[in-house]
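**Student:**
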Amino acid sequence: MNSEPDYLNVDLKFSGADIPSGKMIWRSPSNIALVKYWGKKPVQMPQNPSVSFTLSKSCSETVVSYSPAVSGKLEMEFYFDAMRNLLFEAKTAKFFDGLSGIFPFVNQLKFIIHSKNTFPHSAGIASSASGMSALAMALCDMERQFFGTLRNEEEFWRKASYTARLGSGSACRSVYGGLVVWGETDGVPGTSDFYGFPVNEGIHEIFANYQDTILLVDAGEKKVSSRVGHGLMNSNPFAVERFSEARDNMAKLLQAMRTGDTKTFIRITESEALTLHAMMMTSQPYFLLMKPNTLQIIERIFAFREKSGLPVSFTLDAGPNVHMLYPAAFRRDVKRFIDNDLLPFLSAKGYIDDRVGEGPEKIL
Ligand code: PMV
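In terms of my numbering, the sequence shown opens at residue 8 and continues consecutively.
(1) Would residue 67 and residue 122 be called neighbours here (beta carbons separated by less than 8 Å)?
(2) Tell me the start and end of each unbroken alpha helix (DSSP H) in the segment 299–332 that is at least 4 residues and wholly inside, in chain order.
(3) What separation, rounded to the nearest whole angstrom, lies between the Cα atoms of residue 300 and residue 356?
(4) By Cβ distance, which residues of its chain are closer than 6 Å to residue 1, with the 5 residues on each side in sequence left out?
(5) I'd like the list of long-range same chain contacts for residue 116, defined as Cβ closer than 6 Å, with 5 residues on each side in sequence excluded.
(6) Please report the distance separating the alpha-carbon of residue 81 from that of residue 30.
(7) DSSP state of residue 368, grouped into three classes?
(8) With H, G and I counted as helix, E and B as strand and the rest as coil, what does DSSP make of residue 275?
(9) If you measure from the CB of residue 57, is any heavy atom of ligand 2 nearer than 7 Å?
(10) Comparing the CB of residue 94 with every heavy atom of ligand 1, is any distance shorter than 7 Å?
(11) Taking 7 Å as the cut-off, is the C-beta of residue 177 nearer than that to any heavy atom in ligand 1?
(12) Go through the segment 123–188 residue by residue and report every complete run of the alpha helix (DSSP H) that reaches 4 residues or more, in order.
(13) Answer yes or no: the CB of residue 101 versus the heavy atoms of ligand 1, is any distance below 7 Å?
(14) Assuming residue 317 and residue 333 form a contact by the criterion Cβ under 8 Å, report the distance between their Cβ atoms to the nearest whole angstrom.
(15) Determine which residues share a DSSP beta bridge with residue 218 and list them.
(16) Mapping DSSP to helix, strand and coil, what is residue 113?
(17) Along the chain, where does the beta strand (DSSP E) that runs through residue 38 open and close?
(18) Of all the beta strand (DSSP E) runs that stay within the bounds of the segment 205–258, which reach a length of 3 or more residues?
(19) Assuming residue 62 is part of the beta strand (DSSP E), what are its boundary residues?
(20) Taking buried to mean at least 16 other C-beta atoms within 10 Å of its own C-beta, is residue 165 buried or exposed?
(21) Please report the straight-line C-alpha distance between residue 35 and residue 343, rounded to a whole angstrom.
(22) With respect to 7 Å, is the separation between the Cβ of residue 169 and the closest non-hydrogen atom of ligand 1 below this value?
(23) Sorted by chain position, which residues of the same chain lie with C-beta nearer than 6 Å to residue 109's C-beta, five sequence neighbours on each side aside?
(24) According to DSSP, is residue 8 helix, strand or coil?
(25) Looking at residue 142 and ligand 1, is the gap between the Cβ and the nearest heavy atom below 7 Å?
(26) If contacts are defined as beta-carbon pairs under 8 Å, then residue 137 and residue 226 qualify, I think. What distance do you get, rounded to the angstrom?
(27) Ligand 1 and residue 135: does the residue's C-beta get closer than 7 Å to at least one heavy atom of that ligand?
(28) Taking residue 85 as part of the beta strand (DSSP E), name the residues at either end of that continuous run.
(29) So is the beta-carbon of residue 324 under 7 Å away from any non-hydrogen atom of ligand 1?
(30) Three or more C-beta pairs closer than 8 Å, one from the segment 227–243 and one from the segment 178–185: is that the case here?
(31) So, with DSSP's three-state summary, where would you put residue 120?
(32) State buried or exposed for residue 202, treating a residue as buried only when at least 16 other CB atoms are found within 10 Å of its CB.
(33) On the premise that residue 250 lies in contact with residue 16, defined as a C-beta separation below 8 Å, what is that separation, rounded to the nearest angstrom?
(34) Have a look at the DSSP bridge pairing and note the partners of residue 90.
(35) Buried or exposed: which applies to residue 44, given that a residue is buried once 16 or more other Cβ atoms fall within 10 Å of its Cβ?
(36) Could you give the DSSP three-state label for residue 351: helix, strand or coil?
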């Protein structure tokens with residue numbers, strides 16, 4: 008197993024009256040897993056490796072303002088869409104508190120954080136990956152700016168990914184663009200359980216600008232948090248087989264993506280999506296996260312693929328929305344398919360025309 012980077016550094020503290028004030032802004036994307044992470048071990052380590060596409064349009068934009076804390080310990084206010092959000096505030100304060108060995112300076116600051124998402128509010132799209140990765144980027148950026156460390160690009164992004172993981176596992180994959188693996192993977196040197204690792208080299212060009220149209224079936228709140236979902240895997244009777252299947256799927260999927268084998272890509276990604284849901288259905292308590300319209304859409308994707316011969320497939324997150332995946336060359340055909348066949352099954356929020364993106368961006 009890869010060893011954990013030693014990020015504990017007591018020197019990352021401001022001395023005396025040198026505590027700065029200022030702000031920075033990072034935009035960071037969400038990602039969609041192709042092989043799913045579902046089940047974890049302490050501390051925030053995956054039971055199996057996973058791989059995702061980083062998205063382009065579905066992002067969090069987070070303004071982190073900081074000034075000296077008057078109390079001498081971490082202080083925080085968190086605003087989401089310009090409204091104070093005590094739930095996110097408590098989550099973020101807990102996240103930062105847990106990072107005080109890695110970034111001791113957080114205890115000397117008052118943070119005022121303003122975050123918003125570029126995707127519709129309550130669209131049923133998880134924002135923890137984009138939100139936590141944006142915060143991790145800001146903390147590493149502060150370290151680099153004020154302490155002169157993390158000058159080496161690889162170190163900077165790696166520490167950001169490591170930090171994001173501690174906020175939300177899948178967030179560590181959002182730190183890089185394109186195709187990103189999290190979890191030590193046989194035959195893929197550099198991969199680690201501690202951080203994400205981009206694996207874009209040698210991937211067939213058909214996947215370069217892959218599209219992910221997110222069909223919003225149900226805009227409601229998540230039925231079950233991912234923390235609870237991961238926990239259910241500790242007692243799921245199929246867990247051990249699932250973890251070993253995921254390892255197998257990683258090898259097969261990456262191989263298919265190197266050779267441009269869309270058939271295998273489709274078979275594995277769709278099976279992964281259904282397996283994730285099957286795990287929820289076979290847990291105690293059990294959860295059914297698909298809606299009737301999720302199945303209506305999946306059936307129509309099968310039929311469309313059969314009829315058109317186009318490599319259009321689906322994946323699912325831990326919710327009812329359908330991510331439709333396809334090469335950029337077929338955008339017009341898929342648009343027609345959505346307009347003709349899928350609109351009646353979508354919620355009022357419609358769909359998000361997303362695609363594979365480049366990763367986080369510093370705005371200020
Ligand atoms: O990062 P978390 O703890 O929110 O878990 C994410 C789990 C899935 O989105 C369902 C799968 C994945 O690998 O992203």
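For every residue, glycine included, the Cβ atom is placed at its ideal position computed from N, Cα and C. Keep in mind that this is a model prediction, so the values were computed, not measured.
**Tutor:** So, from the data block:
(1) yes
(2) 299–315
(3) Cα to Cα, residue 300 sits roughly 14 Å from residue 356.
(4) In the structure displayed, the chain extends from 8 to 371; residue 1 sits before or after that span and is not available.
(5) Close CB contacts of residue 116 within its chain, under the 6 Å cut and outside five residues either way in sequence, are with 73 and 76 (chain order).
(6) Looking at the two C-alpha atoms, the distance is approximately 16 Å.
(7) strand
(8) It is helical.
(9) In the structure shown, ligand 2 is absent; the only ligands present are ligand 1.
(10) no
(11) yes
(12) Counting whole runs of 4 or more residues, the segment 123–188 contains the alpha helix (DSSP H) stretches 135–154 and 160–174.
(13) Not so, every heavy atom of ligand 1 lies at least 7 Å from the Cβ.
(14) 7 Å
(15) 333 and 362
(16) helix
(17) Boundaries of the beta strand (DSSP E) harbouring residue 38: 29–42, taken from the DSSP string.
(18) 218–222
(19) 57–75
(20) buried
(21) 30 Å
(22) no
(23) 14
(24) coil
(25) no
(26) Incorrect: roughly 17 Å between the Cβ atoms, too far for contact.
(27) yes
(28) 82–87 is the extent of the beta strand (DSSP E) around residue 85.
(29) yes
(30) no
(31) strand
(32) buried
(33) So it is not a contact: roughly 34 Å between Cβ atoms.
(34) 87
(35) When all chains shown are included, residue 44 counts as buried.
(36) In the three-state scheme derived from DSSP, where H, G and I count as helix and E and B as strand, residue 351 is classed as helix.
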